[in-house]
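These notes are about the structure you will find just below.
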Amino acid sequence: MQPAQLDLARYTVRLASQTDFAGWRDAARRLTLNEVRPEDISWGVGSDANDPRDALPAVPEGAQLTVPREFIAHAETAFCHSDPGRFAFLYWMLCRLRTEPKLLAIASDPDTRRLEAMEKAVRRDSHKMHAFVRFRKIGYGEDERYVAWFEPEHFIVERNADFFVRRFTGMRWTVLTPYASADWNGERLAIGPGAAKGDAPDQDDTEALWLTYFQNIFNPARLKVKAMQKEMPKKYWRNLPEASLIPDLIAGADEAARDMIARLPTMPAPHHAKLQAKHWPKREPAEAPDDDANTISELREAAKGCRRCPLWRDATQTVFGEGPDDAKVVFVGEQPGDQEDLAGKPFVGPAGKVFDAILDDAGVDRQKVYVTNAVKHFKFEPRGKRRIHSKPNAGEVQACRWWIGRELELIKPDLAVALGATAALSLLGKAIAVTKMRGQVIEREDGLRVFITIHPSFILRIHEPADKEAERERFLSDMREVKRLMGS
Amino acid sequence: MSAPTVREKLAILSDAAKYDASCASSGSAKKDSLQSGGIGSTEGMGICHSYAPDGRCISLLKILLTNFCIYDCSYCMNRSSSNVRRARFSIDEVVKLTMDFYRRNYIEGLFLSSGVIRSPDETMAEMVEVARRLRLDEKFSGYIHLKTIPESSAELVEQAGLYADRLSINVELPTDEGVKKLAPEKKPQTIRLSMANLRRKMEEKAEPTLRTKKRERFAPGGQSTQMIVGADKTSDDGILHSSARLYGSYHLRRVYYSAFSPIPDSSSSLPLQKPPLMREHRLYQADWLMRFYGFSQPEILAGSSDGMLDLAIDPKLAWALRNRARFPVDINRADREALLRVPGLGTKVVAKILETRRHRRMRLEDVGRICHSIAKLRPFIIAEGWSPGGLTDKTGLRDTIVKSCEQLSLF
Chain A
1 MQPAQLDLAR
11 YTVRLASQTD
21 FAGWRDAARR
31 LTLNEVRPED
41 ISWGVGSDAN
51 DPRDALPAVP
61 EGAQLTVPRE
71 FIAHAETAFC
81 HSDPGRFAFL
91 YWMLCRLRTE
101 PKLLAIASDP
111 DTRRLEAMEK
121 AVRRDSHKMH
131 AFVRFRKIGY
141 GEDERYVAWF
151 EPEHFIVERN
161 ADFFVRRFTG
171 MRWTVLTPYA
181 SADWNGERLA
191 IGPGAAKGDA
201 PDQDDTEALW
211 LTYFQNIFNP
221 ARLKVKAMQK
231 EMPKKYWRNL
241 PEASLIPDLI
251 AGADEAARDM
261 IARLPTMPAP
271 HHAKLQAKHW
281 PKREPAEAPD
291 DDANTISELR
301 EAAKGCRRCP
311 LWRDATQTVF
321 GEGPDDAKVV
331 FVGEQPGDQE
341 DLAGKPFVGP
351 AGKVFDAILD
361 DAGVDRQKVY
371 VTNAVKHFKF
381 EPRGKRRIHS
391 KPNAGEVQAC
401 RWWIGRELEL
411 IKPDLAVALG
421 ATAALSLLGK
431 AIAVTKMRGQ
441 VIEREDGLRV
451 FITIHPSFIL
461 RIHEPADKEA
471 ERERFLSDMR
481 EVKRLMGS
Chain D
489 MSAPTVREKL
499 AILSDAAKYD
509 ASCASSGSAK
519 KDSLQSGGIG
529 STEGMGICHS
539 YAPDGRCISL
549 LKILLTNFCI
559 YDCSYCMNRS
569 SSNVRRARFS
579 IDEVVKLTMD
589 FYRRNYIEGL
599 FLSSGVIRSP
609 DETMAEMVEV
619 ARRLRLDEKF
629 SGYIHLKTIP
639 ESSAELVEQA
649 GLYADRLSIN
659 VELPTDEGVK
669 KLAPEKKPQT
679 IRLSMANLRR
689 KMEEKAEPTL
699 RTKKRERFAP
709 GGQSTQMIVG
719 ADKTSDDGIL
729 HSSARLYGSY
739 HLRRVYYSAF
749 SPIPDSSSSL
759 PLQKPPLMRE
769 HRLYQADWLM
779 RFYGFSQPEI
789 LAGSSDGMLD
799 LAIDPKLAWA
809 LRNRARFPVD
819 INRADREALL
829 RVPGLGTKVV
839 AKILETRRHR
849 RMRLEDVGRI
859 CHSIAKLRPF
869 IIAEGWSPGG
879 LTDKTGLRDT
889 IVKSCEQLSL
899 F
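First to last, the protein sequences are chains A and D. Read in our numbering, the first sequence has 296 at position 296, and its numbers run on one by one without any break. Count along the second sequence starting at 1, add 488, and that's the number in our numbering.
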């Protein structure tokens, strides 16, 4: 605004302070409800005896000011900006909002963008204040206090004081800035007048340690000065004790990095051989042989290192079968799922719970059966934070048949139950149609009887409650049949 | 030799910790000192208190409890065969240093890692004790990140979760083969199991308890990990595959990529070169595509010849250039998912576009006002009064964009 225009202003508003938002709000309300145009107002801070102060018009009887509620929050933030034109700009925005209530939603509007930029600058400066205030300790015991000098770019002390109270409740502290100060005595927060840098202590006995840390946490092989200055602009440096080290660290970085690279590998440290002998007496064999297991627990141990197909790479662990090693019946599922992969136990996830409940209803004691899977590693596609189950292919089923074969040899059950097509493929060595063959018993060449049914996860996937219940009933009757076959 | 002073130890044990990329103090539950009358707060968003000339933020006091170590991982400066100077902090020293630094507002909290001495359990127990004293004796409510030791017992990890905001376990290298080769005593299997156990514990504690209906506090900042990039031959596609697996399997909050940096007294089995910082940067960008932009891992590099990210341009732009059939996208009509795939449009800008276009149709210059640079964008969008015509399918498009981006960055 040019001085000539200032003189012509019909109204002069003097706010009590740079952060007197309530004063601005009151004045803005009166002026806009009297339809005073933005160009007819001159805004300023502080009373001046020589200034002809026009009384502001009263709010007309019955007049209501309606502005989007969010504007107040935006304006309150932007109000802390150091731009002297902000009072007039916010009034201008207020006037526009009365005829364009959706203005704040239009991100591409130049005024909306200016408001947003002002808020962003204030928020950034606040964030930097949270980060770059450096307290120095004065006094001991009862008199211990922490005092900081900080030079914010905007009027943010009042806005930020609560942050420091929440953070340093158990401490007595003062933050001094050129325009205001905040003081916490352990019980009460007081906002006071501005101060000078000389009012704050200029040293602290812990600072040397801080500088030592700053110097040593820096990796000279990764020098990125621009990235540093983007986040820690030079205007803040003069009040950051560690910043005094930066020029030398930068200057020496190249040599330090070259030195790191050039230094040839030396001989192992003297204590190294002793440590190795003590803690790593013998290297484990690369691959544990997996064909000399005589019991299920030995077999389980051997399967931990299974590399027969590539599924081990993405899975957490081998999920081996579980149950008594002389079980009469062996249940074979498809593959472990998300929960089984984490726990290392078969049938502990949602489908396992359904399975358990139905076995219970059928009177089959889960403690007396052996449950395992056709494929022992979880196969999945990662999707964000979830793992989507993916069906093992014939090659993977074939590779894992070796384990199933050994499990059956050692347990010698009377009956194997194939839960679903993959299990049937594994047990019978050929693909069969489960829905057609369901409930049938197929005898293998080696004499083992294989009972065919669905996988319990099939029940979980049905949404229609009546269908779900019907399917559960069918599976229950399958399990009753299994119980009957076990008994015979 | 006389016993080293705290300052000497700090020099050694922060120098030893500088290869760990993680320094974040974000993502934890909000807490402050008003109730306890103690010191410290976390407000969800992390605060970087300083920046080192390597451009990395200093948010936490990142130190090792000790750099004595029984392991001999060739990428690590503290491996047992290294001739580096050794030091060991006492528990009291770490607690005091953390509180002294925090009171002066130098840091957001503590990131404590350690070499393994004697046994994993003994080392882990000392780390847990540091955290316990900070929380209980000092009434400290700031951020604590503990680097858990995979071989330590489940009980210790559970205790760690009570006091820490975040727990992490480094996978170290993107593949099991890499770990086997460079960290012969570490077992990828154990690392996975530890992460699996942590996820299970976090999920279990996230359930409200029956009695109080309150959730128990257990590592509210979740778990994270780090892998070293460039120490072995794994391609970017392979690295991202590992990350996708880790995010999906163990619900990690972050996977940190640390460009392999030459270390003094380095092992002869490693490349002696400057760390591949640009590669690291591109990996982080690709990681963001998976986490915030709806990209699945395989599609990020699908169609690339060597499975490596383009160092000259960002991964989203590279993807768009390989998938031009999906462009141009109409700024005024496309859904959020399609807009997020446009190079140069970030999540915030997309949100603004969606809001603005409810009220008015957007022209190219409107979009230009709310995004960083229109140069990258122009060939991929349709706006009111703008259509890229043949620009989208132009053969030399990549070079044109690279040039215009370079010119911009001169200012």
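Where is the CB? At the ideal position from N, CA and C, for every residue including glycine. Since we're looking at a predicted model, the values are computed, not measured.
Asked: CB contact below 7 angstroms: K864 of chain D versus chain A; Found: no
Asked: Start-to-end residues for the alpha helix (DSSP H) that takes in D360 of chain A; Found: P350 to D361
Asked: Three-state secondary structure assigned by DSSP to P676 of chain D; Found: helix
Asked: Per-residue DSSP class, three states only, for Q761 of chain D; Found: coil
Asked: Candidates A:W43, A:R25 and A:L56, of which the one nearest V67 of chain A by Cα; Found: A:R25
Asked: Buried or exposed (CB count within 10 angstroms, at least 16 for buried), D775 of chain D; Found: buried
Asked: Contact with chain A by R592 of chain D, beta-carbon distance below 7 angstroms; Found: yes
Asked: Boundaries (first-last residue) of the alpha helix (DSSP H) holding L548 of chain D; Found: No alpha helix (DSSP H) holds L548 of chain D; the beta strand (DSSP E) holding it covers L548 to L552.
Asked: Proximal residues to P676 of chain D (C-beta, below 7 angstroms), its chain only, five neighbours per side dropped; Found: D664 and V667
Asked: Burial state of D625 of chain D, where buried means 16 or more other Cβ atoms lie within 10 Å; Found: exposed
Asked: Beta-carbon proximity list for A509 of chain D, same chain, < 6 angstroms, skipping 5 on both sides; Found: Q714, Y744 and S746
Asked: Helix, strand or coil at R154 of chain A [DSSP, three-state]; Found: The residue you asked about is not Arg; residue 154 of chain A is His in the sequence shown. Coil, per DSSP.
Asked: Chain A contacts made by the stretch 517-534 of chain D, where a contact means CB separation under 7 angstroms; Found: D520, S521, L522, G525, G526, I527, G528 and S529
Asked: 7 angstroms Cβ cutoff, V59 of chain A in contact with chain D; Found: no
Asked: Touch test, the stretch 132-148 of chain A against the stretch 201-211 of chain A, Cβ-Cβ under 8 angstroms, three pairs minimum; Found: yes
Asked: Beta carbon proximity, L6 of chain A to chain D, threshold 7 angstroms; Found: Here L6 of chain A scores only 48 on pLDDT, less than 50, and its place in the model is too uncertain to base an answer on.
Asked: Segment contact, 8 angstroms Cβ cut-off, at least three pairs: the stretch 467-474 of chain A with the stretch 170-187 of chain A; Found: no
Asked: Distance between A732 of chain D and D338 of chain A (C-alpha atoms, nearest Å); Found: 15 angstroms
Asked: Neighbour flag for A732 of chain D against chain A, beta carbons, 7 angstroms; Found: yes
Asked: Contact with chain D by W184 of chain A, beta-carbon distance below 7 angstroms; Found: no
Asked: For A351 of chain A, the nearest candidate out of A:P270, A:K274 and A:G420 (CA to CA); Found: A:G420
Asked: Residue nearest to K278 of chain A in terms of C-alpha spacing, selected from D:S514, D:L553, D:C557 and D:G525; Found: D:C557
Asked: Straight-line Cα distance separating T835 of chain D from V319 of chain A; Found: 40 angstroms
Asked: Opening and closing residue of the beta strand (DSSP E) in which T12 of chain A lies; Found: Y11 to L15
Asked: Beta carbon of S502 of chain D nearer than 7 angstroms to that of N216 of chain A; Found: yes
Asked: Meets three-Cβ-pair contact criterion under 8 angstroms: the stretch 750-759 of chain D and the stretch 563-577 of chain D; Found: yes
Asked: Start-to-end residues for the alpha helix (DSSP H) that takes in A343 of chain A; Found: D338 to A343
Asked: Sequence-distant residues of the same chain with beta carbon closer than 7 angstroms to L65 of chain A, five excluded per side; Found: R29, T32 and L33
Asked: Whether F261 of chain A touches V354 of chain A by CB criterion (7 angstroms); Found: Sequence inspection shows Ile at residue 261 of chain A; the Phe mentioned does not correspond to that position. No, the pair does not count as a contact, with Cβ atoms beyond the cut-off.
Asked: Beta-carbon proximity list for D341 of chain A, same chain, < 6 angstroms, skipping 5 on both sides; Found: A315, T316 and F378
Asked: Length of the line joining the Cα atoms of D798 of chain D and L809 of chain D; Found: 11 angstroms
Asked: Neighbour flag for I819 of chain D against chain A, beta carbons, 7 angstroms; Found: no
Asked: Counted within 10 angstroms of its Cβ, other Cβ atoms place Q785 of chain D as buried (16 or more) or exposed; Found: buried
Asked: Within chain A, the residues that P752 of chain D reaches when beta carbons sit closer than 7 angstroms; Found: M260 and R263
Asked: Ranges of the alpha helix (DSSP H) found wholly within the stretch 719-805 of chain D, counting only runs of at least 4; Found: 724-738, 765-780 and 785-789
Asked: Which listed residue (D:Q761, D:E853 and D:T586) has its alpha carbon closest to that of L552 of chain D; Found: D:T586
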